[in-house]
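Chemist: Quick note on numbering: the sequence shown equals residues 3 to 58 in the working numbering. Even glycine gets a Cβ: it sits at the ideal position worked out from N, Cα and C. Dropping the structure in here first, questions after.
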Amino acid sequence: MIDAIVRFSVERRYLMLSLILVLIGAGVWSFQRLPIDAVPDITNVQVIINTEAAGY
């Protein structure tokens, strides 16, 4: 099976090259469309907890 895939790829090298270029182009296009936040929200989250302790 692998032999057939390799033979097909070697015989149609220009098809494989164009497929690889299309996949690289799709990857670059997807990477540029990623919603990356340059300044992430790093606000301080504060919680107040009231407890009772024996002896105080």
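Could you give the DSSP three-state label for Q34: helix, strand or coil?
Modeler: Here the question's residue 34 lines up with position 32 in the sequence shown. Correct three-state label for Q34: helix.
Chemist: Measure the alpha-carbon distance for L17 versus D5 and round it to whole angstroms.
Modeler: Taking the first residue of the sequence shown as 1, we reach residue 17 at position 15. Taking the first residue of the sequence shown as 1, we reach residue 5 at position 3. Rounded to the nearest angstrom, the two C-alpha atoms are 18 Å apart.
Chemist: So with Cβ pairs under 8 Å, would you call W31 a contact of chain C?
Modeler: The structure shown contains no chain C; it holds only a single protein chain.
Chemist: Could you give the DSSP three-state label for D43: helix, strand or coil?
Modeler: Here residue 43 corresponds to residue number 41 of the sequence shown, with the count starting at 1. D43 falls in the coil class under three-state DSSP.
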